[in-house]
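Undergrad:
Spelled out as structure tokens, the structure:
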């Protein structure tokens, strides 16, 4: 059984206890989307201020477990100041890190692996251990899915 | 509780645990299973009854004239009788309907009642503490028919607020209410509410999913017209639920699902429904599961429901005391303070630690508790939380399970503190 330290890395606990970019923005100018995790009832709202194709600022409000809150906090730091194209790249790396399937010999392996360097991921790599706790993957991806939702809502 | 006026003999839990293979885990590790409100474990007696049936007697029921099919039918129907007697049904062979689970039992009712009984503007009364299984079927009827849903709200102590009950029940056509809350544990005053509802001419439905597995149940004493419950929370297998109903009401309702077994005749233009209870049992039923549930009921009756209730009250009292004395202000326990008003569940919030994280850390110590909204999102909103952690008991639990819970919670506190 994977140990707790695989899941609750120090960076994660730090972002959970001291979440970055927490709060709300008025809409407009911000765009927002709400995300729910039906499994545990976690809810969060992502607010994004776009300037052209750059995420100028981001805030996240809501409640959730340590994994969903710290993932949201880490995401906010990772995407702030990035272009939408760069965010897309981060998203696909992150999703790849969070997708596993079980092969015929019972081992888990990445689905659609994306090549990336640890430098590209930065602090987000702290969430790598989540994949060993499959029920918690949804907690880690909630903020990212909600960010995508906010950007898609804007596009439509 | 004891009808003989003698002190009831406590359950011998270490003997009971020998009947449950799940407690001998292949890796040799201890399992502290505190999630029976979600689903209970199964004793060998239930597993063997199902195995024996498949190995020696399986054939489809109500069809063949050969001996095997007759024996299968006999086993299936005798399980129906057992289950009916267990809840004091006046006429088990007509009034016990096998479904998939309590959810399906309530959906059967909401669907059949929506085809003729319920009309636009009719009032259905529920409570704020209902499980989604007794909320969403009525919300669907609201969408389809335009019925009105009224709620009996929950007060700050976890009881139903009955201050304005006459007003809430006025002109109600249906009262559908849980006998015991899966979150708060609250045992509701159902017989009193059923009497009031009947004065208004309402039909009363009880959701017994969290009650029937733990407390001696008599439908006549409860005063309900229908009772829904499920097998897998009472030592039985998954895939088998029960709907009990008064014969006259069941007779008056149209069938829920159509198919084999639920008809007496079919032409190219129409059909005539079968008699009770088969009118509501379309298709090949869960035969082995019904037999398994019958064996579970034998097991429970052999121990005695009053002794089971006493056992759970002791665990409740020990559990609440230990949680409060160990964690004081850091823990909030939801639900009534008087344990006699509670079923065997303890939902709690731990200061600054999300239930999901608690459950995860507890899992490392082999302690299984539920974390989440317990399929009762409106109640969660009332409590002002997104989720709670919940420990719940059945016959195989003992004080050492609670001690393991306390130790593991202390670890969680140290980890996140």
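Protein chains in written order, with the working numbering: chain C, 7 to 162; chain D, 452 to 868. Each residue gets a CB set at the ideal place from its N, CA and C atoms; glycine is no exception. This one's a predicted model, so the numbers in the text were calculated from it and none came from an experiment.
(1) Thinking C-alpha only, which one of C:143, C:150, C:103 is nearest residue 131 (chain C)?
(2) Consult DSSP for residue 30 (chain C) and reduce its assignment to one of helix, strand or coil.
(3) Looking at the structure shown, is residue 821 (chain D) part of a helix, part of a strand, or coil, going by DSSP?
(4) With respect to the alpha helix (DSSP H) encompassing residue 624 (chain D), which residues constitute its N-terminal and C-terminal limits?
(5) Closer than 8 Å, CB to CB, is residue 580 (chain D) near chain C or not?
(6) CA-CA distance, residue 471 (chain D) and residue 758 (chain D)?
(7) Within its chain, find whatever has a CB closer than 6 Å to the CB of residue 633 (chain D); leave out the 5 residues flanking it on each side and keep chain order.
(8) Taking the C-alpha atoms as reference points, what is the distance between residue 452 (chain D) and residue 642 (chain D)?
(9) Touch check for the segment 689 to 698 of chain D and the segment 545 to 553 of chain D: three-plus C-beta pairs under 8 Å?
(10) With distances taken from CA atoms, which of D:767, D:750, D:800 is nearest residue 792 (chain D)?
(11) With 8 Å set as the bound, which would you pick, yes or no: does the beta-carbon of residue 56 (chain C) sit closer than that to a beta-carbon of chain D?
(12) Does the beta carbon of residue 69 (chain C) come closer than 8 Å to any beta carbon on chain D?
(13) What's the call for residue 592 (chain D), buried or exposed, on a 16-neighbour Cβ count within 10 Å?
(14) Under 8 Å, Cβ to Cβ, is there at least one residue of chain C near residue 842 (chain D)?
(15) What number of angstroms, rounded off, separates the C-alpha of residue 610 (chain D) from the C-alpha of residue 629 (chain D)?
(16) Which same chain residues, not among the five before or five after residue 10 (chain C), have their C-beta less than 6 Å away from its C-beta?
(17) Which class does residue 867 (chain D) belong to by DSSP, given the choice of helix, strand or coil?
(18) Which of the three DSSP states is assigned to residue 22 (chain C) in this structure?
(19) Taking residue 751 (chain D) as the reference, give the member of D:473, D:625, D:496, D:465 with the closest Cα.
(20) Would DSSP call residue 803 (chain D) helix, strand or coil?
(21) Strictly below 7 Å CB to CB, what residues from chain D border residue 45 (chain C)?
(22) Name the DSSP bridge partner or partners of residue 722 (chain D)?
(23) Check this for me: beta carbons of residue 865 (chain D) and residue 483 (chain D), under 8 Å apart or not?
(24) Decide yes or no for the touch test of the segment 805 to 812 of chain D against the segment 834 to 852 of chain D: beta carbon pairs closer than 8 Å, at least 3 of them.
(25) Helix, strand or coil: which one does DSSP assign to residue 69 (chain C)?
(26) Roughly how many angstroms lie between the CA atoms of residue 774 (chain D) and residue 830 (chain D), to the nearest whole one?
(27) Leaving out five residues before and five after residue 26 (chain C) in sequence, what residues of the same chain have Cβ atoms less than 7 Å from its Cβ?
(28) Please confirm if the segment 503 to 512 of chain D is in contact with the segment 698 to 708 of chain D, defined as three or more CB-CB distances below 8 Å between the two stretches.
(29) With a cut-off of 8 Å, do at least 3 Cβ pairs link the segment 148 to 162 of chain C to the segment 45 to 60 of chain C?
(30) In the DSSP assignment, what residue or residues form a beta bridge with residue 681 (chain D)?
(31) Classify residue 89 (chain C): buried if its beta carbon has 16 or more other beta carbons within 10 angstroms, exposed otherwise.
TA: Straight from the coordinates:
(1) Mapped onto the first chain, residue 131 (chain C) falls at position 125. Of the listed residues, the one whose Cα sits closest to residue 131 (chain C) is C:103.
(2) Residue mapping note: residue 30 (chain C) aligns to position 24 of the first chain, counting from 1. Three-state DSSP puts residue 30 (chain C) in coil, outside helix and strand.
(3) Residue mapping note: residue 821 (chain D) aligns to position 370 of the second chain, counting from 1. Note: residue 821 (chain D) maps to strand in three-state DSSP.
(4) Locating residue 624 (chain D) in the second chain gives position 173, where the first residue counts as 1. Taken as a continuous stretch (DSSP letters only), residue 624 (chain D) belongs to no alpha helix (DSSP H), being part of the beta strand (DSSP E) at 623 to 629.
(5) Position 129 of the second chain, counting from 1, holds the residue named residue 580 (chain D). The beta carbon of residue 580 (chain D) sits no closer than 8 Å to any beta carbon of chain C.
(6) Taking the first residue of the second chain as 1, we reach residue 471 (chain D) at position 20. Taking the first residue of the second chain as 1, we reach residue 758 (chain D) at position 307. Near 19 Å, if we compare the C-alpha coordinates of residue 758 (chain D) and residue 471 (chain D).
(7) As a working mapping, residue 633 (chain D) is identified with position 182 in the second chain. Taken in chain order, the residues that qualify are 488, 582, 661, 825.
(8) Taking the first residue of the second chain as position 1, residue 452 (chain D) is located at position 1. Taking the first residue of the second chain as position 1, residue 642 (chain D) is located at position 191. Confidence at residue 452 (chain D) is low in this model, with a pLDDT of 45, below 50, so the placement of that residue is unreliable and no value is reported for it.
(9) Yes, they touch.
(10) For this step, residue 792 (chain D) is matched to residue 341 along the second chain. Closest by alpha carbon: D:767.
(11) Against the first chain, residue 56 (chain C) aligns to sequence position 50. Residue-level contact check: residue 56 (chain C) does not touch chain D, since none of the beta carbons of chain D fall below 8 Å from its beta carbon.
(12) In the first chain, the residue the question calls residue 69 (chain C) occupies position 63. It does; some Cβ of chain D falls within 8 Å.
(13) On the second chain, position 141 is the one that residue 592 (chain D) refers to. Answer is buried; the Cβ neighbour count reaches 16.
(14) Taking the second chain and counting its residues from 1, one reaches residue 842 (chain D) at position 391. False, the Cβ-Cβ gap to chain C never drops below 8 Å.
(15) Within the second chain, residue 610 (chain D) is the residue found at index 159, counting from 1. Within the second chain, residue 629 (chain D) is the residue found at index 178, counting from 1. Their backbone Cα atoms lie some 12 Å apart in a straight line.
(16) Position 4 of the first chain, counted from the start, is the residue given in the question as residue 10 (chain C). Cβ within range, chain order: n/a, list empty.
(17) Your numbering for residue 867 (chain D) matches position 416 in the second chain. Helix.
(18) Position 16 of the first chain, counting from 1, holds the residue named residue 22 (chain C). Note: residue 22 (chain C) maps to helix in three-state DSSP.
(19) Locating residue 751 (chain D) in the second chain gives position 300, counting from the first residue. Nearest of D:473, D:625, D:496, D:465 to residue 751 (chain D), Cα basis: D:496.
(20) Here the question's residue 803 (chain D) lines up with position 352 in the second chain. Coil, per DSSP.
(21) Counting from 1 along the first chain, the entry for residue 45 (chain C) is found at position 39. 823, listed in chain order.
(22) For the purposes of this step, residue 722 (chain D) is identified with residue 271 of the second chain, where counting begins at 1. Answer is D:717, bridged to residue 722 (chain D).
(23) Within the second chain, residue 865 (chain D) is the residue found at index 414, counting from 1. Within the second chain, residue 483 (chain D) is the residue found at index 32, counting from 1. In this structure, residue 483 (chain D) does not lie closer than 8 Å to residue 865 (chain D) by Cβ.
(24) Three or more beta-carbon pairs drawn from the segment 805 to 812 of chain D and the segment 834 to 852 of chain D are found closer than 8 Å, and the two stretches are therefore classed as touching.
(25) Within the first chain, residue 69 (chain C) is the residue found at index 63, counting from 1. Residue 69 (chain C) falls in the strand class under three-state DSSP.
(26) Working through the second chain from its first residue, we reach residue 774 (chain D) at position 323. Working through the second chain from its first residue, we reach residue 830 (chain D) at position 379. Whole-angstrom Cα-Cα distance: 23 Å.
(27) Taking the first chain and counting its residues from 1, the one referred to as residue 26 (chain C) is at position 20. 79, 82, 83.
(28) no
(29) yes
(30) Here residue 681 (chain D) corresponds to residue number 230 of the second chain, with the count starting at 1. Residue 681 (chain D) is bridged to D:692.
(31) Stepping through the first chain from its first residue, residue 89 (chain C) is reached at position 83. It counts as exposed.
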